[in-house]
Structures are given as structure tokens and as C-alpha cells.
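Report on the following structure.
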Amino acid sequence: MISEKEKQWMQRWEQFRQKGKWRGIAIQGGTFLVFYLILMAVLTRFLSFPDPFFDNLSTGDWTKTGITIAIYLAAGFAYGMFNWSMSERRVKRLKKEGN
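Residues in the sequence shown are numbered consecutively from 784, following my numbering.
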């Protein structure tokens with residue numbers, strides 16, 4: 784039996800899913816990227832935590848900065864793909880349980 788909370792999640796996921804896979808991956812990956820950059824900015828600023836993006840940006844090394852941005856974008860894309868895949872699995876499992 785599916786709980787009411789799971790039914791609501793399925794409805795929201797279906798609405799999100801209808802807008803397209805690549806849009807969904809971009810939104811989820813972009814959100815991950817923004818939160819990661821904020822976290823790294825805070826850690827770098829207050830805890831002297833080394834971060835390649837901010838270190839390269841402050842030294843003006845644009846090649847390393849570009850490579851770091853590409854790596855961060857790839858990580859965001861991978862997170863978006865992973866999250867999409869897990870949500871699809873969850874929907875299939877819940878639909879199976881609901882029948």
C-alpha cells in the first residue's frame with residue numbers, strides 16, 4: 784500500500800517529468816552545482832579549506848579555472864542523471880506496490 788506522502792511525491796514527479804528529461808537533469812544538476820559552490824565558498828572563506836575553483840580564480844589562471852568549471856559541470860550533470868534515474872526507479876517501485 785502506498786502512503787499519501789508517496790502519492791503526492793509521484794504526482795509532483797510526473798509533473799516534473801513531463802517537462803523533459805534534459806531539463807530536469809539540468810535543473811537538478813544546476814541546483815547541486817550552486818549549493819556546492821556556496822558550500823566551497825563558505826569553507827574556503829572561514830575554514831581555510833582549499834578549493835581549486837576559488838584558488839585558480841584568485842590567481843587569474845584561466846586555463847585551470849576553465850578545467851575546474853568543466854569538472855564541476857560534469858559532476859552536476861552526473862548528479863542530475865543519478866537523481867533522475869533513482870526517481871524513475873522509485874516511481875516504478877511505487878506503481879508496482881500500488882497495483
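Virtual Cβ for every residue (Gly too), placed ideally from N, Cα, C. From a predicted model like this one, the values you see are computed outputs, not experimental measurements.
In this structure Q794 is not in contact with W867, their Cβ atoms being roughly 17 Å apart against a cut-off of 8 Å. By the neighbour-count criterion, in which 16 or more other beta carbons inside 10 Å mark a residue as buried, F815 falls on the buried side.
Excluding sequence positions up to five before and after V874, its CB lies within less than 7 Å of the CB of M793 and W796, all in the same chain and listed in chain order.
Collapsing the DSSP output to three states places I785 in coil. Within a 10 Å sphere around the beta-carbon of G843 sit fewer than 16 other beta-carbons, which makes this residue exposed. Distance from the CA of L830 to the CA of Q791, rounded to the nearest whole angstrom, comes to 40 Å. Pairing G863 with I808 gives a Cβ-Cβ distance under 8 Å. Going by beta carbons, L856 and I785 fall outside the 8 Å limit. Secondary structure of K847 (DSSP, three-state): helix. Taking a contact as a CB-CB distance under 8 Å, the pair G803 and G859 does not count as one, their CB atoms being some 17 Å apart.
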